[in-house]
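Undergrad: Chains as they are written, first to last, in my numbering: chain H, 1 to 532; chain W, 1001 to 1204.
Ideal Cβ placement from N, Cα and C applies to all residues, glycine included.
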Amino acid sequence: MTAEEDISFYGSRGRHKGVLSWILSTDHKRIGLLYLTSIFGFFFVAVIFGVLMRLELIAPGRTIMSAQTYNAVFTLHGVIMIFLFIIPGIPASLGNFILPLQIGAKDVAFPRINLMSWWFYISGGTAVLVSLFTGSGPPDTGWTFYVPYSIRTGTNVTLAVFGVFLLGVSSTLTGLNFVTTVHRLRAPGMKWFRMPLFIWSLYATGWVQILATPVLAITLLLLIAERLFGFGFFDPSKGGDPLLFEHLFWIYSHPAVYIMILPAMGAVTEIIPVFARRTIFGYKAIAFSSLAIAAAGYLVWGHHMFTSGMSDISKAVFSFLTFIVAIPSGIKVFNWVASLYKGSIELRSPLLYTVSFIFLFSIGGLTGLVNGALATNIYVHGTYFIVAHFHYTMFGGTAFAFFAALHYWFPKITGRMYREAPAKNALLVLFTGFNILYFPMFILGIEGMPRRYYDYLPQFHRDHLISTIGSWILVAGLIMMFYNLIRSVFKGDTAGDNPWGGSTLEWTTSSPPPHENFKEVPVVTGGPYKFR
Amino acid sequence: MNNENIIGHKTDYEGAKIGMWIFLFTEMVLFSGLFLLYSAYRSRYPEEFHSAASELNRFMGTFNTVILLTSSLTMALSINSIRTGRKGMSLLLQSLTSFMGLIFLVNKYIEWSAKISHGIYPDSPGLMKYGKGEIIFYGLYYLLTGIHGLHVLAGIVLIAVMIVLTNKDRVSSGRFVALENTGLYWHFVDIIWVFLFPLFYLIS
């Protein structure tokens, strides 16, 4: 009995053997790792597309690909990064692994639905990739699939859109699962305000996934129906209105921005108290700001459409509500910084990644206000300024927090420790490359370089060149980071159960955790951050 | 409430219900995207919506509404029967429910084919002669009743699965949450129809 309980979840494979013991497992930890590996697999495909785009833009005119190929490449870069990497990113991989551990549960509420959602994810991802190589060419609409072009283009849009539909189903099911889990499976004594803040952010994310993703599903179904049957809902000659597509699309896709960023915010909220050896500043403010972001994020979709044609009153309302979202985001940033104040800070790599996140996300967030203000929006709309803004929030924000969380929970997941110095060096290269790659885009945008363009005027050459060089440095940083992590999976030193001295429940069980997480059901008697 | 953890998630009745209700939320949001399209276009083309609606067969619509509402009743009664341990009665009522679902679909088929035989279907040359509002109205009619029809079909399949499970005693007086959730789904499909019926048949 005890011998059986002592082995980690890597050892207890359940009913199946080999690969099947992974892809048919209902253990949340195995599913989390399935997600983690597949998400980073897709991430690297999209990184390659990104590098190819930058390479094309290194000089004006044609460099390595035709304009049509370029359109396909930026479309697939966007679709894969958004729907296959950033949206499922933290919640489906680390969230799946950590959520039951942090609330002291044996698994999520619906383990089989959890596995099913991974299957939806992998089928959707496969459909998107297959759309590249089949039919009459890869989709070339941009990740937003705007009508009327997405209805008229002869490329393989239907299959790609169907793939994204499946990804939406996967995301919805994950949200449903997490919300139910948080409601039903908290350990005895784990009251709402004793939950770690990562759980609060996953809970808020879960609700956004539940209430926003079905709108994407129906929008994509409408697009497919439009391409197959020609209903005419978005075709003015048949009485339709293309603007309605934009509305429906952004009713999902703006809340989706918060599906991307909320879990990232939650993850860094876990890391800061542990490495500052101080309890989090403003626990309830952070918990409620997650819910506030989720709620307010629902009402701001119109700010993507300021130049699309809308009444002035709607524009003003959408702009005002957009500024409202900055308040809970600001609350979080100030609370993180306040938590560091007078702490006994240990500058280990998870904290360094976190601090980079705060810096880059703040730039991304503040330039968001430039986009949200009506007057400046007209000026920068559809330029590289937007491209720079969302890469600072999504890559500098979500992805850097993802890397921070990966370094933080790595010893829990694998039972081993990575080498500290290469992790820090990789961050330095990543951070440098990131800023060289994306900061010139702010300047390009203000100077008037439109996004998604294949060619440009000679005056933009210098900044494009700098940006492309930055992309090489960034990729070098990514390779260094992943090499260090992957090597440590096999060769790292044994980490011990609680290498960081964390005080949340996942650190009370062994590393890696046993099959049903805890030998005894933990009983919670206090808040999550038992530091000074 | 937190003590459920000790019992384990596999027997969590409340959890299963919460999950189902959340799933129904997502379904509702899915349909609300379509209702949004409907309201936007109806406010743009009020007269044409009214005249197009008068061409739908109101008798068939009413008949289908009665069928679905009755099937909701038999569904609820079947859950009541299983609770009180009357397995045979529950099986009969479940079969009746799915049978009425089938009748609903057959009626829909008859309605659609009547319209299609008159040349009215999306992107048809016949429909394109109509006004813009009418084109949109019929587009919405086919799309919403079509997606609703798919949900009815899914409901029938679910009930069929429940009939098998009840027969094998995997749904019983001690463990009927699966049947209850199927019932919730069926009522949801019913309620969507209760909104579709006036929006398409009764606005003329």
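Would you mind listing the alpha helix (DSSP H) stretches within the stretch 150–218 of chain H that are 4+ residues and don't spill past its ends, in chain order?
TA: 157–184
Undergrad: For SER1172 of chain W, which beta-bridge partners are listed by DSSP?
TA: As a beta-bridge residue in DSSP terms, SER1172 of chain W pairs with W:ARG1175.
Undergrad: Going along chain A in order, which residues have a C-beta closer than 9 Å to the C-beta of VAL215 of chain H?
TA: Chain labels in this structure do not include chain A; the protein chains are H and W.
Undergrad: Put PRO273 of chain H into one of helix, strand or coil per three-state DSSP.
TA: Per DSSP, reduced to three states, the secondary structure at PRO273 of chain H is helical.
Undergrad: Quick check on DSSP: helix, strand or coil for ARG54 of chain H?
TA: helix
Undergrad: Can you tell me the Cβ-Cβ gap for GLY501 of chain H and ARG194 of chain H, rounded? I've got them flagged as a contact below 8 Å.
TA: In fact, because the Cβ distance is near 19 Å, the residues do not count as touching under 8 Å.
Undergrad: Please say whether GLY396 of chain H and LEU360 of chain H have beta carbons closer to each other than 8 Å?
TA: yes
Undergrad: In whole angstroms, what is the alpha-carbon distance linking ARG152 of chain H and ARG227 of chain H?
TA: 8 Å
Undergrad: Listing by chain order, which chain W residues have their CB less than 8 Å from the CB of PHE183 of chain H?
TA: Checking the displayed sequence, the identity of residue 183 of chain H turns out to be His instead of Phe. Within chain W, the residues near HIS183 of chain H are GLY1015, ILE1018.
Undergrad: Short check: CB of PRO214 of chain H to CB of THR1026 of chain W, under 8 Å?
TA: yes
Undergrad: Report the residues of the stretch 244–270 of chain H with a CB closer than 7 Å to any CB of chain W, ordered along the chain.
TA: LEU244, LEU248
Undergrad: Skipping 5 residues on each side, what residues in its chain have a beta carbon closer than 6 Å to that of TYR1013 of chain W?
TA: VAL1177
Undergrad: Could you tell me which whole alpha helix (DSSP H) segments of length 4 or greater appear in the stretch 11–95 of chain H?
TA: 20–23, 28–56, 67–79
Undergrad: Does the beta-carbon of LYS106 of chain H have 16 or more other beta-carbons within 10 angstroms, so that it is buried, or is it exposed?
TA: buried
Undergrad: To which residues of the same chain is VAL208 of chain H closer than 6 Å at the C-beta, ignoring the five residues directly before and after it?
TA: PRO255, TYR258, ILE259, ALA294
Undergrad: Please confirm whether ALA72 of chain H and GLY137 of chain H have their CB atoms less than 8 Å apart.
TA: yes
Undergrad: In whole angstroms, what is the alpha-carbon distance linking LYS1129 of chain W and PRO1122 of chain W?
TA: 12 Å
Undergrad: What residues from chain H crowd round LYS1132 of chain W, counting only those whose CB sits closer than 7 Å?
TA: LYS238, GLY239
Undergrad: By the 10 Å Cβ neighbour count, where 16 or more other Cβ atoms means buried, how is ASN1005 of chain W classified, buried or exposed?
TA: Low confidence applies to ASN1005 of chain W: its pLDDT is 42, below 50, so where it sits in the model is not reliable, and the reading given next is rough at best. Burial call: buried.
Undergrad: Give me, in chain order, the residues of the same chain whose beta-carbon lies closer than 8 Å to that of GLY309 of chain H; leave out the 5 immediate sequence neighbours on both sides.
TA: LEU243
Undergrad: Closer than 7 Å by C-beta to LEU132 of chain H: which residues in its own chain qualify, once you throw out the five before and the five after it? Chain order, please.
TA: If we look at LEU132 of chain H and ignore the five residues flanking it on each side, its Cβ neighbours are LEU76, PRO138.
Undergrad: Is the Cβ-Cβ distance between MET449 of chain H and TYR384 of chain H less than 8 Å?
TA: yes
Undergrad: By how many angstroms is the C-alpha of PHE9 of chain H removed from the C-alpha of THR2 of chain H?
TA: Per-residue confidence for THR2 of chain H stands at a pLDDT of 44, beneath the threshold of 50, marking its modelled position as unreliable; the derived number appears in the next sentence. Taking the straight line joining both Cα atoms gives about 14 Å.
Undergrad: With DSSP run on the structure shown, which of helix, strand or coil describes TYR1185 of chain W?
TA: helix
Undergrad: Extract the residue ranges of the alpha helix (DSSP H) inside the stretch 1102–1141 of chain W, only unbroken runs of 4 or more that lie entirely within it.
TA: 1125–1128
Undergrad: Considering only DSSP beta bridges, list what PRO242 of chain H is partnered with.
TA: For PRO242 of chain H, which the question treats as bridged, DSSP gives no partner whatsoever.
Undergrad: Tell me, please, whether the stretch 197–204 of chain H touches the stretch 216–231 of chain H by the rule of three or more beta-carbon pairs shorter than 8 Å.
TA: Result no; under three Cβ-Cβ pairs closer than 8 Å.
Undergrad: Does the stretch 45–60 of chain H come within contact of the stretch 103–118 of chain H, defined as at least 3 CB pairs closer than 8 Å?
TA: no
Undergrad: LEU24 of chain H CB to nearest chain W CB: under 8 Å?
TA: no
Undergrad: Check whether chain H comes within 8 Å of PRO1046 of chain W, counting only Cβ atoms and requiring the distance to be less than that.
TA: no
Undergrad: Using only the alpha-carbon positions, how far apart do TYR283 of chain H and SER319 of chain H sit?
TA: 29 Å
Undergrad: Write down the C-beta distance between ALA109 of chain H and TYR35 of chain H rounded to the nearest angstrom, noting that I regard them as a contact closer than 8 Å.
TA: Actually they are not in contact, since the Cβ atoms of ALA109 of chain H and TYR35 of chain H sit about 17 Å apart, beyond 8 Å.
Undergrad: Alpha carbon to alpha carbon, how far is THR174 of chain H from TRP192 of chain H? Give it in angstroms, no decimals.
TA: 20 Å
Undergrad: Short of 6 Å in beta carbon distance, which residues of its chain neighbour PHE518 of chain H, apart from the five on each side in sequence? Order them along the chain.
TA: THR509
Undergrad: Please state whether DSSP places SER8 of chain H in a helix, a strand or coil.
TA: strand
Undergrad: Compare the beta carbon distance of VAL475 of chain H and VAL19 of chain H with 8 Å and say whether it is the shorter of the two.
TA: no
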